[in-house]
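Asks: The sequence shown begins at 312 in the working numbering and counts up by one. The beta carbon of each residue, even a glycine, is placed where N, CA and C say it ideally should be. Encoded as structure tokens, here's the structure I'll be asking about.
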Amino acid sequence: MQRVSCGQLNKPLVFNLSFLVQSCYVLIQVAHLSSQAMSRFQTHCFTEKSESAGKQCSPSIESRLARIFSQDGDGMDLDDLLPQIGEFGRYQKLLLWLVCLPACVPCGFCAFNQLFMADTPDHWCWVDDLADLPTHTRQRLAIPAEINFNSTFNKCSRYAVNWTELLVHQDPEELTPNSSWPTEPCYQGWEYNTTLISSSIVIDFDLVCNHAIYPTIGLAALNTGGPVGVYVFGLLSDRIGRRFSFFICLATMLLGSFLTALARDFWSWAAFRLVVGLTIPAIYQIPFIIALELVGPNYRSFVTVMTCLFYTLGMVLLSGVTYLVRDWVLLAWVTSAPFLLYFVYWWYLPESPRWLLAKGRLEEGYKILETLAKVNNKEMPSSFKLKLKQRMMLQRTRSELSRLKKGPGVSALFANETVYVGLSYYGPSLGSDQYLSFLLSALVEIPSYLACWVIMDRWGRRWPLCIAMILSGVSCIVTVLLPDDAVETTLILYLFSKFAISASFLIIYPFAGELYPTQLRGIGIGASAYISGLGLILIPFITYLGMEMLVLPLVIMGVVSVLGGLSGLRLPETLHHRLPQTVEEGEEFGKDWTCAECLRCVPESIYITLHYTVTMQMKIFKYVLFLITYKQKLKLQLVVFN
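Spelled out as structure tokens, the structure:
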């Protein structure tokens, strides 16, 4: 039961005659429009019921009011304003090409440069007694032969014989080692082949044999920082704004990178990599959110594609840098110091107007929108500022008890990010040239993004996401059927899998961003990435299994990808719909989604009916709004009884 009652007047009961007449006229209009709207509303609900039995016809008064406040037809929503002042005008183009997109490059550098800092070259035991002999002679005499496709000499043991006594009576070139000689571990250290790699943490810190797991631990340390970082920076992004969060994130990343170059032992190096990990992928997500919130709905897919392409550009450039720089200390400097120039963006990167409006900072948000309109040679609607103030006043009266119950598609995001990063880590281990393999794994993402750009704007987000993840998983799983020496075929299947998972990676973040409301978009994506990032802590150890069986990590990642793709079918479609602005909108969006609707590509009928209903209710509510604000003399109080 609902009851609308008039409150007490602000002054004694003295009515201005004209005010009384106007109030009566408004009440008559409200009654007339109420009956008209409810009649049409019931008709549409009956039609919808015939299409989908079991749907609730009349939503609660609380949910209707939430929709009324957020989806008005009079330009109060930013998605309604942007087409009038430019969805993707000169302002957005300059900001996107010169600021937001270049800001995505550091993530590709700092997320994967560690793979090449921890290169493991061919190595064998060092023998002091044979130090004066040529390298090939030392290997032939002191190291047990071990024929396999990786090496011809054992890496972790040597013959335990008295070389001084043996070499007294025989020429080293004529001496033939006996396979029955006893062996021992490398007590005197290791000798490394520095032909291709001049220096790495493996060489400097002797991270081989019993310590071969240490580079994997370092990679896990990097990924341990990620879940913490995305949550912290997501929280900061929603508390202090996108702009300040980006520069704090950039400073943290550079600090960790510089300290990495100064590390003198493994554990300090791993600790500094954890600091860098705090900013990955937050350093990529923040400019992406800014760009996404500045453009209109028709250009979100374009922004998403270009953001992913610039992220991939960072990986492509990294493959070239690592090919030229084979010293890990120099590599740490080269892949971080240039990004000091990004602090110049302090004077050019604006705050997100969506965030400012969601926080009630109307003057600041309106000023940025005025600048946007001016640069785009457009004019701001004269009534927009007033309607913003009215909207904020009404929003403050609503209860803030509701919260998002859970992150959208956390399981799909978990599988997607785990497999994408896992395949990126595993790329250099396939084929004969690790630099070429990494380059190919990055280049294959470009056609994937371009193809997905066309598909996701026609078929929506959900189906392309699920199909891409399933295809990626299947191509990984079938590698188990190949013989051990089918390295090239394994590489081809790997590249196809990377192609498919990259397509889903393109979809998953804007999909999550569209499902979360503006008020919680930063922390929402951060919370989902926090949970999904837990898989990234395990993925280095899964790829480490490839040292014993090349295709085992691919099979594991394939199963994860298929399961994640199937779980994504339960998500609601977001194509061509407004971004949720408030917590209530985020709760209501897709709330009535059923399993039957999972078979549809884009379920337009439900949202068209909802939009029509909301439009009719807005015609009623604007008169109620008039009664609330007119001369501040008459109040209306809404009382809801369960």
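Helix, strand or coil for D638 per DSSP?
Replies: In the structure shown, D638 sits in a strand (DSSP, three-state: E or B).
Asks: Between the beta-carbon of L750 and the beta-carbon of S630, is there less than 8 Å?
Replies: The answer is yes: Cβ separation under 8 Å.
Asks: Measure the C-alpha to C-alpha separation of A572 and P592 and round it to an integer number of angstroms.
Replies: Answer to the nearest angstrom: the Cα atoms are 21 Å apart.
Asks: To the nearest angstrom, how far is it from the Cα of W435 to the Cα of N504?
Replies: The alpha-carbon atoms of W435 and N504 are separated by roughly 9 Å.
Asks: How is S510 classed by DSSP in three states: helix, strand or coil?
Replies: The answer is strand: DSSP assigns S510 an E or B state.
Asks: If you draw a straight line from the C-alpha of R449 to the C-alpha of A442, how long is it?
Replies: If you take the alpha carbons of R449 and A442, they lie about 8 Å apart.
Asks: Can you tell me whether W435 is helix, strand or coil according to DSSP?
Replies: Looking at W435 - three-state DSSP - the assignment turns out to be strand.
Asks: So R773 packs on E884, CB below 8 Å; how close in whole Å?
Replies: Indeed, because the Cβ distance is near 5 Å, the residues count as touching under 8 Å.
Asks: Determine the DSSP secondary structure at A582, reduced to helix, strand or coil.
Replies: Reduced to three states, the DSSP call for A582 is helix.
Asks: Under the assumption that Y855 contacts I524 (Cβ atoms under 8 Å), give the Cβ distance between them as a whole number of angstroms.
Replies: Rounded, the Cβ-Cβ distance is 7 Å, consistent with contact.
Asks: From the DSSP output, which residues share a beta bridge with R469?
Replies: Per DSSP, E495.
Asks: Comparing alpha-carbon positions, which option in C763, P496, G733, N473 lies nearest F613?
Replies: That would be C763, whose Cα lies nearest to the Cα of F613.
Asks: Look at the alpha carbon of P739 and the alpha carbon of Y746, and state the distance between them as a whole number of angstroms.
Replies: Between P739 and Y746, the C-alpha separation is close to 7 Å.
Asks: Suppose the cutoff is 6 Å on Cβ atoms and the five residues either side in sequence are ignored; what does the same chain contact list for V472 look like?
Replies: Result list for V472: W492, in chain order.
Asks: Once DSSP output is grouped into helix, strand and coil, what is the label at E604?
Replies: Note: E604 maps to helix in three-state DSSP.
Asks: Is P488 near L452, with beta carbons less than 8 Å apart?
Replies: Yes, they are a contact pair.
Asks: Between L589, G588, R611, which has its C-alpha nearest F599's C-alpha?
Replies: If we check each option's Cα against that of F599, R611 comes out closest.
Asks: Is DSSP giving F464 helix, strand or coil here?
Replies: The answer is strand: DSSP assigns F464 an E or B state.
Asks: Locate the beta strand (DSSP E) running through W501, then write down its first and last residues.
Replies: From DSSP, the beta strand (DSSP E) with W501 extends over 501-503.
Asks: Would you kindly check if the distance between the Cβ of I559 and the Cβ of L570 is under 8 Å?
Replies: No, Cβ-Cβ distance for L570 and I559 is not below 8 Å.
Asks: Might you give, ordered along the chain, the residues of its own chain that have their beta carbon closer than 7 Å to the beta carbon of N688, omitting 5 neighbours on each side?
Replies: There are no such residues.
Asks: If we require 3 or more residues per run, which beta strand (DSSP E) segments fall completely within the region 611-656?
Replies: Counting only runs of 3 or more, we get nothing.
Asks: Quick check: the Cα distance between V539 and L589, rounded to an integer number of angstroms?
Replies: Using only the alpha carbons, I get a separation of about 6 Å.
Asks: Can you tell me where the alpha helix (DSSP H) holding S872 begins and where it ends?
Replies: Where S872 is concerned, the enclosing alpha helix (DSSP H) stretches over 863-878.
Asks: Among M428, L518, V438, G771, which one has its Cα closest to the Cα of S511?
Replies: It is M428.
Asks: Taking buried to mean at least 16 other C-beta atoms within 10 Å of its own C-beta, is Q403 buried or exposed?
Replies: Looking at its Cβ environment, which holds 16 or more other Cβ atoms inside 10 Å, Q403 is buried.
Asks: Enumerate in chain order the residues of its own chain whose CB-to-CB distance from S808 is below 7 Å, with the five nearest sequence positions on each side excluded.
Replies: The answer, listed in chain order, is L734, S783, S786, C787.
Asks: Assign F423 to one of three DSSP states: helix, strand, or coil.
Replies: Correct three-state label for F423: helix.
Asks: Is the beta carbon of L806 closer than 8 Å to that of V755?
Replies: Cβ distance < 8 Å, so V755 and L806 count as in contact.
Asks: Please check the pair P775 and I818, which I expect to be a contact at CB under 8 Å, by giving their CB distance rounded to whole angstroms.
Replies: With 8 Å as the limit, P775 and I818 qualify as a contact, their Cβ atoms being about 6 Å apart.
Asks: Could you check if L652 is buried or exposed, using at least 16 other CB atoms within 10 Å of its CB as the buried criterion?
Replies: Counting Cβ neighbours within 10 Å, L652 comes out exposed, since fewer than 16 surround it.
Asks: Among residues of its own chain, excluding the 5 on either side of C619, which ones have a beta-carbon nearer than 6 Å to its beta-carbon?
Replies: For C619, where only same-chain residues beyond five positions count, the Cβ hits under 6 Å are Y760, L817.
Asks: What residues in its chain sit with their C-beta under 7 Å from that of L406, if we drop five residues either side in the sequence?
Replies: So the qualifying residues of the chain are L605.
Asks: Going by DSSP, what residue range makes up the alpha helix (DSSP H) through R401?
Replies: Per DSSP, R401 belongs to the alpha helix (DSSP H) from 401-406.
Asks: Regarding V541 and the ligand HEM, is the C-beta to nearest heavy atom distance less than 7 Å?
Replies: Summarising the ligand content, the structure contains no ligands, and the ligand HEM is consequently not present.
Asks: Along the alpha helix (DSSP H) that carries V785, what are the first and last residues, could you check?
Replies: V785 -> alpha helix (DSSP H) spans 773-788.
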